[in-house]
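To keep things clear, I will list the structure first and then write my remarks on it.
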Amino acid sequence: MAPDSTALTLPVVVVGLIDVGRLIRELDKLESNVQQQTIKAEQGAEIQLPKFSLLLDQFVEQNKLDMRNEGDRKRAHEFLRDVRQTAPKVHMSFSANPSAQFLQKLTFWMRQNIHPQVLIAIGLQPGIGAGSVLRTTNKYFDMSLVKSFADSRGILMEYLHGPEASAGQNEVVAPPTEPVASPTEGAAV
Amino acid sequence: MTIWWLALIIGSLFATTVAFIWLAIRLGNGTAQKKPGQADVQKGAEEDVEHIFNDTFREELRNRGRLHFEKIISENAMFLQQDLRLTTSQLNEFMKEEITKNLREEFSKYEQSINDAKQLAVDSIQKTNVAIEEQRQQLHDQVEQQIVTEKKQLVERFEQNMTDIVNHYVLAAIGDQIDLTDQLEYILADLEANREAIVEDVMHGA
Chain L
0 MAPDSTALTL
10 PVVVVGLIDV
20 GRLIRELDKL
30 ESNVQQQTIK
40 AEQGAEIQLP
50 KFSLLLDQFV
60 EQNKLDMRNE
70 GDRKRAHEFL
80 RDVRQTAPKV
90 HMSFSANPSA
100 QFLQKLTFWM
110 RQNIHPQVLI
120 AIGLQPGIGA
130 GSVLRTTNKY
140 FDMSLVKSFA
150 DSRGILMEYL
160 HGPEASAGQN
170 EVVAPPTEPV
180 ASPTEGAAV
Chain R
0 MTIWWLALII
10 GSLFATTVAF
20 IWLAIRLGNG
30 TAQKKPGQAD
40 VQKGAEEDVE
50 HIFNDTFREE
60 LRNRGRLHFE
70 KIISENAMFL
80 QQDLRLTTSQ
90 LNEFMKEEIT
100 KNLREEFSKY
110 EQSINDAKQL
120 AVDSIQKTNV
130 AIEEQRQQLH
140 DQVEQQIVTE
150 KKQLVERFEQ
160 NMTDIVNHYV
170 LAAIGDQIDL
180 TDQLEYILAD
190 LEANREAIVE
200 DVMHGA
């Protein structure tokens, strides 16, 4: 699964599996369009490509592809199909809908540090307050403000009852709504 | 005493009348028993008597007797009136004393009854007050215990859900001011802290 240096890369605007699906559909449509123009056009005539969407435009530009070239189109298509089937997928939840700029920065960091083809599914959990919740295939990472408060429960108890009351409160007690496990330990979802 | 006086006066009047009648009868019988020779004397005496005790003298005697009788009657009536007044006064005094005595006794009984009823009512009120005080104390204890229990439960519930409470408060206070863009560094720092675990699961999890 290690990235090949000659392989194509996903642009940061392609965040999740939905975007990959859109790219594949657009490539299919483009392939069909090009074939139609090839059949209709006379030999030697230049093929007129349709206007690309932002996703495809970024993808083509980043990978320096010539979409008039059938080989590049097939290569891009195979790459996207491969990404859709084999790329690692994570799910991240935030307290509000993230902006496109935020998602691009996050995707950039994830592809730099986690995996170059990682796909992110975005969810919404207003109850977490701040931070995020990350769910991978087998683990659950709660990096929200609620979890931070739960970890600091001993400090809250100390302020409420005094130092002696916090003696038995230093252990982190998960609240009833705590999802599964602490981030460092992980647990099966 | 008045009755005795009245009886004495009536008795004296009766004796005087009897004596007068007896004297008249004696004088009449003596004239009838005279001897025939003495008829002239007797006749002359009778004439003298008739001359002395004529109608005027008799009327005068009768008037004097009547006056005397009226005087005696009047005096006795006066005595009788005085006795009656005295008796009435004494009777009034007696009645007044009896009535006063009876009234005092009745009032005393009434007062005693009222005091008994009052004491009974006071005892009943005191018992009621004691019972109410006991019930109030029991209720007070129960309410106090209930309050302490509920307070303890509330505190325990608050402590158990303190994380959610604080989070809810923070969200309500500054929730709309927390922008995800501002949280990006915090999120990336958390991801960086868990990077190895994430990479491990991404690479080998499936």
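Protein chains in written order, with numbering that gives the first Met the number 0: chain L, 0 to 188; chain R, 0 to 205.
Just so it is clear, CB atoms sit at the ideal spot from N, CA and C, and this is done for glycine as well.
Predicted, not measured: the structure shown is a model, and the values here were computed from it.
### Query
Are there 16 or more other CB atoms within 10 angstroms of the CB of Gln116/L, so buried, or fewer, so exposed?
Taking the first residue of the first sequence as position 1, residue 116/L is located at position 117. By the neighbour-count rule (16 or more Cβ atoms within 10 Å), Gln116/L is buried.
### Query
Residue ranges of each beta strand (DSSP E) run of no fewer than 3 residues wholly in the region 113-149 of chain L, ordered along the chain?
Taken in chain order, the complete beta strand (DSSP E) segments of 3 residues or longer contained in the region 113-149 of chain L are 118-123, 130-134, 139-143.
#### Entry: Rounded distance between the beta-carbons of Leu16/L and Lys88/L, thought under 8 Å
Taking the first sequence and counting its residues from 1, one reaches residue 88/L at position 89. Taking the first sequence and counting its residues from 1, one reaches residue 16/L at position 17. The beta carbons of Lys88/L and Leu16/L sit about 6 Å from each other, so the pair counts as a contact at 8 Å.
### Task
Going by CA-CA distance only, name the one from His139/R, Arg65/R, Asp163/R, Leu153/R that's closest to Ser147/L.
If you number the first sequence from 1, residue 147/L lands on position 148. The option with the nearest alpha carbon to Ser147/L is Asp163/R.
### For Val89/L: DSSP bridge partner residues
Taking the first sequence and counting its residues from 1, the one referred to as residue 89/L is at position 90. Residue pairing by DSSP places Val89/L opposite Ile119/L in a beta bridge.
### Query
What residues in its chain sit with their C-beta under 7 Å from that of Leu64/L, if we drop five residues either side in the sequence?
Your numbering for residue 64/L matches position 65 in the first sequence. Around Leu64/L: Asp71, Ala75.
### Task
Whole angstroms is fine: what's the gap from Asp141/L's alpha carbon to Glu191/R's?
Counted from its first residue, the first sequence places residue 141/L at position 142. Counted from its first residue, the second sequence places residue 191/R at position 192. For the pair Asp141/L and Glu191/R, the Cα-to-Cα distance works out to about 13 Å.
### Task
Could you work out which residue in Met66/L, Ser92/L, Val13/L is closest to Gly128/L when comparing CA atoms only?
As a working mapping, residue 128/L is identified with position 129 in the first sequence. Ranking Met66/L, Ser92/L, Val13/L by Cα distance to Gly128/L puts Ser92/L first.
### Query
Roughly how many angstroms lie between the CA atoms of His67/R and Leu7/R, to the nearest whole one?
Along the second sequence, read from residue 1 onward, the residue named residue 67/R stands at position 68. Along the second sequence, read from residue 1 onward, the residue named residue 7/R stands at position 8. Approximately 15 Å between the Cα atoms of the pair.
### Query
Under the rule that 16 or more other beta-carbon atoms within 10 Å means buried, what is His114/L, buried or exposed?
Position 115 of the first sequence holds residue 114/L. By the neighbour-count rule (16 or more Cβ atoms within 10 Å), His114/L is buried.
### Query
At what residues does the alpha helix (DSSP H) containing Phe68/R begin and finish?
As a working note, residue 68/R is residue 69 in the second sequence. From DSSP, the alpha helix (DSSP H) with Phe68/R extends over 54-159.
### Under 7 Å between C-beta atoms of Ile46/L and Gln35/L
Reading the first sequence from its first residue, position 47 is the one you call residue 46/L. Reading the first sequence from its first residue, position 36 is the one you call residue 35/L. Contact check for Ile46/L against Gln35/L fails: the beta carbons are separated by 7 Å or more.
### Task
Check the Cβ-Cβ distances between Val179/L and every residue of chain R, and say whether any is below 7 Å.
On the first sequence, position 180 is the one that residue 179/L refers to. Here the model assigns Val179/L a pLDDT of 41, short of 50, so the residue's position is not dependable, and the following value carries that caveat. By this cut-off, Val179/L is not an interface position.
### Message
Assuming contact is defined by CB atoms lying nearer than 7 Å, are Leu133/L and Met161/R in contact in what I supplied?
### Response
The residue given as residue 133/L occupies position 134 in the first sequence. The residue given as residue 161/R occupies position 162 in the second sequence. The Cβ atoms of Leu133/L and Met161/R do not sit closer than 7 Å to each other.
### Task
Enumerate in chain order the residues of its own chain whose CB-to-CB distance from Ser52/L is below 8 Å, with the five nearest sequence positions on each side excluded.
Along the first sequence, one-based indexing puts residue 52/L at 53. These residues qualify, in order along the chain: Arg21, Glu25.
### Task
Could you tell me the boundaries of the alpha helix (DSSP H) in which Asp47/R lies?
Along the second sequence, read from residue 1 onward, the residue named residue 47/R stands at position 48. Element bounds for Asp47/R: 38-51.
### Query
His90/L to Pro10/L, Cα distance in whole Å?
Position 91 of the first sequence, counting from 1, holds the residue named residue 90/L. Position 11 of the first sequence, counting from 1, holds the residue named residue 10/L. Taking the straight line from one Cα to the other gives about 18 Å.
### Which of helix, strand or coil DSSP assigns to Gly15/L
In the first sequence, the residue the question calls residue 15/L occupies position 16. When DSSP states are grouped into helix, strand and coil, Gly15/L belongs to the coil group.
### Task
Note down the Cα distance separating Val48/R from Ala23/R, rounded to an integer number of angstroms.
Stepping through the second sequence from its first residue, residue 48/R is reached at position 49. Stepping through the second sequence from its first residue, residue 23/R is reached at position 24. Val48/R and Ala23/R: Cα-Cα distance of roughly 12 Å.
### Query
What do you reckon, are the CB atoms on Glu79/L and Ile38/L nearer than 7 Å?
Counted from its first residue, the first sequence places residue 79/L at position 80. Counted from its first residue, the first sequence places residue 38/L at position 39. Here residue 79/L turns out to be Leu, not Glu, going by the sequence shown. Taking 7 Å as the cut-off, the beta carbon of Leu79/L is found no closer than this to the beta carbon of Ile38/L.
### Task
Specify the secondary structure class of Thr180/R as computed by DSSP and reduced to three states.
In the second sequence, residue 180/R corresponds to position 181, counting from 1. Per DSSP, reduced to three states, the secondary structure at Thr180/R is helical.
### Query
Beta-carbon of Asn62/L versus every beta-carbon of chain R: anything under 7 Å?
As a position in the first sequence, residue 62/L is number 63, starting the count at 1. For Asn62/L, the answer is no, since every Cβ of chain R falls outside 7 Å of its Cβ.
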